[in-house]
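Chemist:
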Amino acid sequence: MGDFTLLDHTADIGLQASGDDWGDLLRQAALAVLQVIGAQSETAVEQTLHIEVSGNDREELLINWLNELLFYIEVRHLVPCQVTMEAVAADRLAAVLGVIPIDAVTSFAHEVKSATYHRIVVQEQPGGGWLARVYLDL
Amino acid sequence: MSVKVEQIDSCRWRIPRQGQMRTEGLVFADRAMMEVLRREQALEQVANVATLPGIVGPSIAMPDIHWGYGFPIGGVAAFDAEEGVVSPGGVGYDINCGVRLLRSALPVAEVRPALKELADLLFRNIPSGVGSQRKDFKLTQQQEKRVLQHGARWAVEQGFGSAVDLEHIEEGGTLPGADPEVISERALERGRAQLGTLGSGNHFLELDEVEEIHDPVAADALGLFPGQLTVTIHTGSRGLGYQVCDESLRLMIRASQKYGIELPDRQLCCAPLPSPEARQYLAAMACAANFAFANRQMITSWVRETMETVLGLGPRDLQLAVIYDVCHNIAKWEQHEVAGRKRRLCVHRKGATRAFPPGHPETPALYRQIGQPVLIPGDMGRYSYVLVGTAGAFAETFGSTCHGAGRLLSRHAAKKQARHQDVIGDLAARGILVRAAGRGTVAEEIPEAYKDVLDVVNIVQQAGIGKIVARLRPLVVIKG
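Chains as they are written, first to last, in our numbering: chain A, 1 to 138; chain B, 1001 to 1480.
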């Protein structure tokens, strides 16, 4: 299984995620964004959402995927706490998100404006697996 | 690329043309600031902007510069109407993030006993933080499109403020050229939920005290007096603006390929100004800008109501009036003289403020003798400044100056430094009440995370691209 680390930036924050495969990378990147948002709650997940995202290439797909998570929080007031990838390709994905209502969140760490294309890296690794680096505008 | 830099004078540095640069870079900074800048990527970003087609004059950076996405924060660049480009990276995600300053008729001494109550009620009444919205306020899609078309003027027509407010907002609170039909359903949906909200991060609402007057004549024209209670609002176009930027980046990445524009950084993606893609972006950007103007207008109205309630005063006694409202993330069509010739240019200001001189027709009539007001927030522990625009700025920086303090520490570094501090307690002991929605916000926004804004405005004044009028001290700080 892959993992992620958060990267320093003067005004914002970056993430570097790695995955054993493309789907694992997408999941790790999502978990990184959710860690940055930092929703705290005692409420258990009782609702799931099935979502589909597409993009013209892997970079665009990654950005669209991360921004989709922000959309659900900001507009639909549903906060993802669990991420399961169902199907992935280079230009599309389907995922199931375990969500809680925003009213069940006692505090957030950050509001993320957007995932950005700044110095974006999406690379298949020589030994297998994937690496991505994305900066988030806070 | 490691960028070569030459010192011009005590507050100016040149990045000579090198690599793919079409023009030189001009950085306003002192030696100490330049030492810091050399260690991060902001100078490289100034040089990258200079590679864009049709750039007129230098790629400019203000003394609050730090690295951003594409353009540096604190970046200014102007482009020729026919040969030049427009770039969403030169505006930013938070389109028309800006600052509004309000003055009251009251000395702080009269309201000091009520500051805590003001802090608590403002925090309750002005939505801030993730997912916040006013439950008593809902827009239809049709209404929202009118917001995007008319900006602050829409808000005034709905009863949020008066026509006098509009005379004291950049562009009269309505950027022309907006076309709501180019705004996606996704952007509309994000915006509808967030009109009238502050946001988070470095956005804030402050009650301030006029602590020192530097220019009595200008201060008098602005209606400022020592010890006066003022209000500062710093916010922008919220999720609608971010969505417009995100979608525009995709449009412009494809446009850059279509028009054969080589990019040193994907976030500098752009399109030629005469192209349909450029026109579409500018129409969408104007919509987002108008959303931000309306946002600050509505927040102003709720601030007025809240203060009148707490202080038991009517509007005629409180007299909370708009001094001015400025954009600091925007691209605008402006007329500038270049090499003796008047030219129509698309001026990008990303983390930079318009600073038009005395006598300019776009400076409000009330301020035409002194110059356009420029509002420069600092950090929450020290001070902010009010400046006016100058002829020097108009001649050298396309009528632009700095926008704030600029960050010094990363959020991680700031949190580490704040770990053993009682930030809110320390500020309260200094007479500054903080109310914050986000858990990380206060630690990440500690005063030490920012450059001293006095250093920034001193450079600007020394360089002649802004003139200091007054210093404001924070009393109440509301953050998301």
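Backbone N, C-alpha and C define an ideal beta-carbon position, used for all residues, glycine too.
Everything numeric in this text was worked out from a predicted model, so none of it was measured.
Alpha carbon to alpha carbon, what distance is there between B/E1117 and B/I1323?
Modeler: Stepping through the second sequence from its first residue, residue 1323 of chain B is reached at position 323. Stepping through the second sequence from its first residue, residue 1117 of chain B is reached at position 117. So the alpha carbons of these two residues sit roughly 25 Å apart.
Chemist: What in chain A is Cβ-close to B/E1209, meaning under 8 Å?
Modeler: Here residue 1209 of chain B is taken as the residue at index 209 of the second sequence, counted from 1. Near B/E1209 there are no residues of chain A at all, since even the closest Cβ is about 28 Å away, more than 8 Å.
Chemist: Applying the 10 Å Cβ sphere with the 16-neighbour rule, what's the burial state of B/Q1045?
Modeler: Position 45 of the second sequence, counted from the start, is the residue given in the question as residue 1045 of chain B. Flag for B/Q1045 reads buried.
Chemist: What are the boundary residues of the beta strand (DSSP E) that includes A/L138?
Modeler: The residue you call residue 138 of chain A lines up with position 138 of the first sequence. Segment: none, A/L138 is in no beta strand (DSSP E) and carries neither H nor E.
Chemist: So the alpha helix (DSSP H) B/F1123 belongs to, where does it begin and stop?
Modeler: Looking up residue 1123 of chain B in the second sequence gives position 123. B/F1123 -> alpha helix (DSSP H) spans 1115-1125.
Chemist: Starting from B/T1300, trace the alpha helix (DSSP H) in both directions and tell me its first and last residue.
Modeler: By one-based count along the second sequence, residue 1300 of chain B stands at place 300. B/T1300 -> alpha helix (DSSP H) spans 1276-1311.
Chemist: With a threshold of 6 Å on Cβ separation, who are the neighbours of B/G1098 within its own chain once the five nearest residues in sequence on each side are excluded?
Modeler: As a working mapping, residue 1098 of chain B is identified with position 98 in the second sequence. Correct list, in chain order: V1326, C1327, H1328.
Chemist: B/D1064: buried (16+ other C-beta within 10 angstroms of its C-beta) or exposed?
Modeler: Counting from one through the second sequence, the residue named residue 1064 of chain B turns up at place 64. By the neighbour-count rule (16 or more Cβ atoms within 10 Å), B/D1064 is buried.
Chemist: B/R1430: buried (16+ other C-beta within 10 angstroms of its C-beta) or exposed?
Modeler: The residue labelled residue 1430 of chain B in the question sits at position 430 within the second sequence. If you draw a 10 Å sphere on the C-beta of B/R1430, you find fewer than 16 other C-beta atoms in it, and that means exposed.
Chemist: Once DSSP output is grouped into helix, strand and coil, what is the label at B/S1256?
Modeler: By 1-based counting over the second sequence, the position of residue 1256 of chain B is 256. Helix, per DSSP.
Chemist: Cutting at 6 Å between CB atoms, please list the residues of its own chain near A/G14, excluding the five before and the five after it.
Modeler: For this step, residue 14 of chain A is matched to residue 14 along the first sequence. Answer for A/G14: L7, Y135, listed in chain order.
Chemist: Could you check where the alpha helix (DSSP H) with B/E1035 kicks off and where it finishes?
Modeler: The count along the second sequence starts at 1 and reaches residue 1035 of chain B at position 35. Residues 1031-1037.
Chemist: Give every residue of the same chain whose Cβ lies closer than 7 Å to the Cβ of B/L1175, excluding the five residues on either side of it in the sequence, and list them in chain order.
Modeler: Along the second sequence, read from residue 1 onward, the residue named residue 1175 of chain B stands at position 175. G1151, A1286, A1289, N1290.
Chemist: What is the DSSP secondary structure of A/L131, counted as helix, strand or coil?
Modeler: Taking the first residue of the first sequence as 1, we reach residue 131 of chain A at position 131. Strand, per DSSP.
Chemist: In chain A, what lies closer than 9 Å to B/I1073 by C-beta?
Modeler: Here residue 1073 of chain B corresponds to residue number 73 of the second sequence, with the count starting at 1. Chain A residues near B/I1073: T10, A11.
Chemist: Closer than 8 Å by beta-carbon distance: list the chain A residues that pair up with B/A1383, in chain order.
Modeler: Residue mapping note: residue 1383 of chain B aligns to position 383 of the second sequence, counting from 1. It is worth fixing the name first, because residue 1383 of chain B is Tyr in this sequence and not Ala. Result: empty, since nearest Cβ-Cβ is about 21 Å, beyond 8 Å.
Chemist: Could you name the residues of the same chain whose beta carbon sits closer than 6 Å to that of A/Q125, not counting the 5 residues immediately before and after it, in chain order?
Modeler: Here the question's residue 125 of chain A lines up with position 125 in the first sequence. Excluding sequence neighbours, A/Q125 sits near L131.
Chemist: If we count Cβ pairs, one from each stretch, closer than 8 Å, do we get three or more for the segment 1264-1278 of chain B versus the segment 1083-1102 of chain B?
Modeler: As far as the Cβ criterion goes, the segment 1264-1278 of chain B touches the segment 1083-1102 of chain B, which means the pair count is three or higher.
Chemist: Please classify A/P101: does DSSP put it in a helix, a strand, or coil?
Modeler: Here the question's residue 101 of chain A lines up with position 101 in the first sequence. A/P101: strand per DSSP, three-state reduction.
Chemist: Assuming contact is defined by CB atoms lying nearer than 7 Å, are B/M1298 and B/G1196 in contact in what I supplied?
Modeler: Along the second sequence, read from residue 1 onward, the residue named residue 1298 of chain B stands at position 298. Along the second sequence, read from residue 1 onward, the residue named residue 1196 of chain B stands at position 196. Yes, the Cβ-Cβ distance between B/M1298 and B/G1196 is below 7 Å.
Chemist: Mind listing which residues of the segment 1121-1145 of chain B have their C-beta closer than 7 Å to chain A's C-betas, in chain order?
Modeler: Those residues of the segment 1121-1145 of chain B that come within reach of chain A (Cβ to Cβ, closer than 7 Å) are G1129, V1130, G1131.
Chemist: Out of A/W65, A/A39, A/H9, A/A94, state which residue places its alpha-carbon closest to the alpha-carbon of A/H50.
Modeler: Your numbering for residue 50 of chain A matches position 50 in the first sequence. Considering only alpha carbons, the answer is A/A94.
Chemist: Among residues of its own chain, excluding the 5 on either side of B/Q1369, which ones have a beta-carbon nearer than 7 Å to its beta-carbon?
Modeler: Start at 1 with the first residue of the second sequence, and residue 1369 of chain B comes out as number 369. Cβ neighbours of B/Q1369 beyond the five flanking positions: A1221, P1358.
Chemist: Comparing C-alpha positions only, which one of B/G1389, B/T1309, B/E1396 sits nearest to B/H1336?
Modeler: Counting from 1 along the second sequence, the entry for residue 1336 of chain B is found at position 336. Nearest C-alpha to B/H1336: B/E1396.
Chemist: Select from B/L1408, B/T1235, B/C1346 the residue whose C-alpha is nearest the C-alpha of B/P1560.
Modeler: The structure shown does not extend to residue 1560 of chain B, since chain B is modelled only from 1001 through 1480, so no value can be given for it.
Chemist: To the nearest angstrom, report how far apart B/H1412 and B/E1448 are at their CA atoms.
Modeler: Within the second sequence, residue 1412 of chain B is the residue found at index 412, counting from 1. Within the second sequence, residue 1448 of chain B is the residue found at index 448, counting from 1. In a straight line, the C-alpha of B/H1412 is about 13 Å away from that of B/E1448.
Chemist: Considering Cα atoms alone, identify which of B/R1012, B/E1189, B/E1157 is closest to B/G1131.
Modeler: Walking along the second sequence from the start, residue 1131 of chain B turns up at place 131. Out of B/R1012, B/E1189, B/E1157, B/E1189 has the C-alpha closest to the C-alpha of B/G1131.
Chemist: Give the secondary structure of B/R1419 by DSSP, where H, G and I count as helix, E and B as strand, and everything else as coil.
Modeler: Within the second sequence, the letter at position 419 stands for residue 1419 of chain B. It is coil, neither helix nor strand.
Chemist: Assign B/T1353 to one of two classes, buried (16 or more other C-beta atoms within 10 Å of its C-beta) or exposed (fewer than that).
Modeler: Residue mapping note: residue 1353 of chain B aligns to position 353 of the second sequence, counting from 1. Around the beta carbon of B/T1353, 16 or more other beta carbons sit within 10 angstroms, so the residue counts as buried.
Chemist: Below 7 Å CB to CB, which residues in the same chain sit around A/C81 once its five sequence neighbours on both sides are set aside?
Modeler: Translated into positions along the first sequence, residue 81 of chain A becomes position 81. So the qualifying residues of the chain are V45, G98, V99, I100.
Chemist: If you draw a straight line from the alpha carbon of B/G1314 to that of B/I1233, how long is it in whole angstroms?
Modeler: The residue you call residue 1314 of chain B lines up with position 314 of the second sequence. The residue you call residue 1233 of chain B lines up with position 233 of the second sequence. Whole-angstrom Cα-Cα distance: 21 Å.
Chemist: State the start and end residues of the unbroken beta strand (DSSP E) segment that holds B/P1373.
Modeler: As a first step, residue 1373 of chain B must be located in the second sequence, where it is residue number 373. B/P1373 -> beta strand (DSSP E) spans 1373-1376.
Chemist: How about A/E52: is its C-beta nearer than 7 Å to some C-beta of chain B?
Modeler: Within the first sequence, the letter at position 52 stands for residue 52 of chain A. Answer no: the Cβ-Cβ gap between A/E52 and chain B never drops below 7 Å.
Chemist: Is B/H1420 buried or exposed, if buried means 16 or more other CB atoms sit within 10 Å of its CB?
Modeler: Taking the first residue of the second sequence as 1, we reach residue 1420 of chain B at position 420. Result: exposed.
Chemist: Anyone know if the C-beta pair for B/L1139 and B/P1180 falls short of 7 Å?
Modeler: Stepping through the second sequence from its first residue, residue 1139 of chain B is reached at position 139. Stepping through the second sequence from its first residue, residue 1180 of chain B is reached at position 180. No; because the gap between Cβ atoms is not below 7 Å, this pair is not in contact.
Chemist: Would you mind telling me which residues of chain B sit closer than 7 Å to A/F145, beta carbon to beta carbon, in chain order?
Modeler: Only positions 1 to 138 of chain A appear in this structure, which leaves residue 145 of chain A out of reach.
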